[in-house]
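Protein chains in written order, with the working numbering: chain W, 2 to 135; chain E, 2 to 135; chain B, 2 to 135; chain L, 2 to 135. Cβ atoms here follow ideal geometry from the backbone N, Cα and C, with glycine treated the same way. As structure tokens, the structure follows; a few thoughts come after it.
Protein chains: 4
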Amino acid sequence: MWFKINPASGIPIYLQIGQQIKTAVASGALQPGDQLPSVRELALELTINPNTAAKAYQELEREGIITTIRGKGTFIANQETPLNSKANLELLNHNIDRLIIDALNMRLDLQELKELIDKRLTDWQKNLNREGQT
Amino acid sequence: MWFKINPASGIPIYLQIGQQIKTAVASGALQPGDQLPSVRELALELTINPNTAAKAYQELEREGIITTIRGKGTFIANQETPLNSKANLELLNHNIDRLIIDALNMRLDLQELKELIDKRLTDWQKNLNREGQT
Amino acid sequence: MWFKINPASGIPIYLQIGQQIKTAVASGALQPGDQLPSVRELALELTINPNTAAKAYQELEREGIITTIRGKGTFIANQETPLNSKANLELLNHNIDRLIIDALNMRLDLQELKELIDKRLTDWQKNLNREGQT
Amino acid sequence: MWFKINPASGIPIYLQIGQQIKTAVASGALQPGDQLPSVRELALELTINPNTAAKAYQELEREGIITTIRGKGTFIANQETPLNSKANLELLNHNIDRLIIDALNMRLDLQELKELIDKRLTDWQKNLNREGQT
DNA sequence: GTGGTCTAGACCACA
DNA sequence: GTGGTCTAGACCACG
């Protein structure tokens with residue numbers, strides 16, 4: 002599989018794994034029903050502690066991203082959750098603010114930031130369209 | 002002063018303080034040369050340990066946001082650093098990606114995300130203009 | 002291990018530790034990937050507070066000399082940084098000047114100083130060659 | 002006069018002043034018998050606390066670099082002290098080592114360091130010769 | 001008065 | 001087991 006972790010990054014390994022699975026799901030690379038590697042496979046492949054791999058899956062299951070079925074394996078969940086809850090929007094806005102603050106501290110103009118974001122958004126949109134056709 | 006921290010959030014207190022000062026600097030609310038509350042004042046106000054307050058300041062000093070002068074106090078630095086280094090841009094792009102992923106995981110359309118961001122950017126721009134006139 | 006600190010020297014303990022590790026790295030005695038004693042071990046050995054030992058390591062990590070991995074330990078970093086930046090050269094030149102000034106204030110001839118330095122440089126070169134063969 | 006201090010450098014102001022006077026003496030710019038500005042003048046000129054200026058002079062007097070004569074002022078001392086003591090040589094060697102370690106940590110070759118030092122030494126020698134003719 | 005260092009000892013997150 | 005954070009309280013250097 003296509004995981005890349007950095008044990009020295011300061012970010013907990015289990016979060017790095019979770020983040021990458023979320024990315025794959027968001028981009029459509031992983032579809033509902035797709036099977037994930039078992040905890041043991043994942044641990045072997047990344048040469049990490051199985052506990053760490055298990056923790057990553059637990060977190061994702063708690064968030065409803067994946068489901069584990071005893072005796073079968075771990076799968077991407079049917080994401081019927083349309084949780085545009087108020088809390089989520091606040092979180093999103095908060096993260097947007099952090100982005101802006103970082104940019105300003107780097108002496109970047111807000112206009113320049115906007116262009117960066119727009120460029121990135123179009124890239125993603127293209128990818129999503131291509132995935133959608135698959 | 003206007004600090005608000007949440008000791009139970011899981012985010013280290015010293016980082017929360019740092020984040021808020023960075024925000025104030027980025028928005029122009031704190032100008033180069035402005036004096037910050039002393040380590041002891043800050044600790045009293047937030048009812049935290051002076052060491053924790055000191056750690057927040059030391060972190061910011063290492064990043065070049067503030068300057069501390071022994072026996073005098075702590076001040077906002079003259080930010081002559083225009084370091085839009087490659088590393089910084091990469092970091093920024095990475096954070097933009099995280100934002101997009103979060104939005105997609107919340108079943109938000111990219112167009113909706115773009116509108117959210119644009120709204121936030123205009124808000125900030127307005128604030129910056131107002132500060133600029135001061 | 003072979004640490005020697007002097008708590009009464011006026012130089013902060015955490016800097017003394019840092020200095021010695023830097024020396025070991027510069028001389029090749031410590032190689033990238035080598036594990037350092039844990040914070041607790043080091044604290045026991047030097048009969049200092051674990052916090053002080055941790056501070057020494059954190060300082061070195063910020064400078065890119067070492068890497069720490071939560072739950073695993075602390076290691077000498079892969080020093081891929083070849084930063085003979087302008088700032089570094091200036092610092093070096095400044096320190097050379099200080100050396101010369103000290104020597105002159107001791108009524109030492111510059112020629113004598115040069116001989117001292119040359120002798121020291123050859124000693125180091127010999128050591129480095131020996132390490133290189135290991 | 003020609004003092005330049007940086008209150009934010011982390012180096013105590015009184016040491017910065019001392020260092021600069023030592024430099025001037027070592028280079029011959031200040032000769033034995035030359036008068037230094039009074040504590041008050043110095044404090045005014047550098048906009049520092051008179052206590053700080055006084056402390057700088059006290060330190061230098063303790064080291065025998067300057068002499069203060071009540072009612073007359075402060076002067077460069079007759080440096081008859083030829084103190085090539087063993088302690089001094091050790092200090093010098095220690096500083097040479099620090100220089101080498103710093104250079105190695107900057108990934109500088111020892112040969113390159115040697116060239117840097119030699120260049121600096123010749124510059125100083127030239128200056129000293131010129132001063133000597135004055 | 002300011003910030004810097006250190007100790008003692010606690011609790012938590014991670015592997 | 002590892003390192004990270006925080007508190008409480010002490011002492012010192014600087015201005």
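Close to chain B, meaning a Cβ-Cβ distance shorter than 7 Å, are the following residues of the segment 113–128 of chain L: Lys115, Leu117, Ile118, Arg121, Leu122, Trp125 and Gln126.
If you look at threonine 24/E, you'll find it in the alpha helix (DSSP H) that goes 14–28. The Cβ atoms of leucine 109/W and leucine 93/E sit closer than 9 Å to each other. In the DSSP assignment, isoleucine 77/B falls within the beta strand (DSSP E) that extends over 74–77. Remark: C-beta atoms of glycine 74/W and leucine 37/W approach each other more closely than 9 Å.
Gln17/E is the residue among Ala104/E, Thr123/E, Thr48/E and Gln17/E whose C-alpha sits nearest the C-alpha of tyrosine 58/E. With respect to the 9 Å criterion, leucine 61/L and isoleucine 6/L are not classified as neighbours on the basis of their beta carbons. The segment 93–108 of chain W makes contact with the segment 22–33 of chain E: 3 or more CB pairs, one atom from each, lie closer than 8 Å.
Secondary structure of glutamine 112/B (DSSP, three-state): helix.
Judged by their CB atoms, isoleucine 101/B and isoleucine 97/L are not nearer to each other than the 9 Å cut-off. Counting along the chain, threonine 68/B sits inside the beta strand (DSSP E) bounded by residues 67–70. For alanine 30/W, no Cβ of chain B is located within less than 9 Å of the residue's own Cβ. Look at isoleucine 22/E: its C-beta is not under 9 Å from any C-beta on chain L.
Counting along the chain, no alpha helix (DSSP H) covers asparagine 7/E, and no H or E run does either. Within chain E, the C-beta atoms nearer than 7 Å to that of alanine 9/L come from Thr68 and Ile70, in chain order. Put simply, the backbone Cα of lysine 127/W is about 11 Å away from that of leucine 111/E. Contact of leucine 93/L with chain B by beta-carbon distance below 8 Å involves Leu100, Asp103, Ala104, Met107, Leu109, Leu114 and Leu117. The contact set of lysine 73/B on chain W, defined by CB atoms closer than 8 Å, consists of Pro8 in chain order. Put simply, the backbone Cα of isoleucine 77/B is about 15 Å away from that of leucine 43/B. Around the CB of tryptophan 125/L, 16 or more other CB atoms lie within 10 Å, so the residue is classed as buried. Annotated three-state conformation of leucine 31/L is coil, per DSSP. Assignment of alpha helix (DSSP H) within the segment 40–68 of chain E, counting only whole runs of 4 or more residues, yields 40–47 and 51–63 in chain order. Among the CB atoms of chain B, one or more fall inside 9 Å of the CB of asparagine 89/L.
Nearest Cα to arginine 121/E within the set Asp35/W, Gly19/W, His95/W and Val40/W: His95/W. What isoleucine 12/W touches in chain E, judged by beta-carbon distance under 9 Å, is nothing: the nearest beta carbon there is about 11 Å away. Counting along the chain, the unbroken alpha helix (DSSP H) around leucine 90/L starts and ends at 87–106. With a cutoff of 9 Å on beta-carbon distance, glycine 19/L and isoleucine 66/L are scored as near each other. Distance from the CA atom of leucine 45/E to the CA atom of isoleucine 14/E, rounded to whole angstroms, is 14 Å. DSSP places leucine 122/E within a helical segment (H, G or I) once states are collapsed to three.
When rounded, the separation of the alpha-carbon atoms in arginine 41/E and isoleucine 70/E is 15 Å.
Using beta-carbon distances, valine 26/L counts as an interface residue toward chain B, with a partner under 9 Å. From the beta-carbon of asparagine 96/L, the residues of chain B found nearer than 9 Å are Asn96, Arg99, Leu100 and Asp103.
The beta carbon of leucine 129/E is closer than 8 Å to those of Ser28 and Gly29 in its chain, skipping five residues each way along the sequence. Around leucine 114/E, the same chain offers Leu100, Ile101 and Ala104 as residues with beta carbons nearer than 8 Å, after the five sequence neighbours per side are excluded. Rounded to the nearest whole angstrom, the C-alpha separation of alanine 55/W and glutamate 64/W is 14 Å. Each residue's CA atom was taken as its position, placing isoleucine 12/E and alanine 9/B some 37 Å apart.
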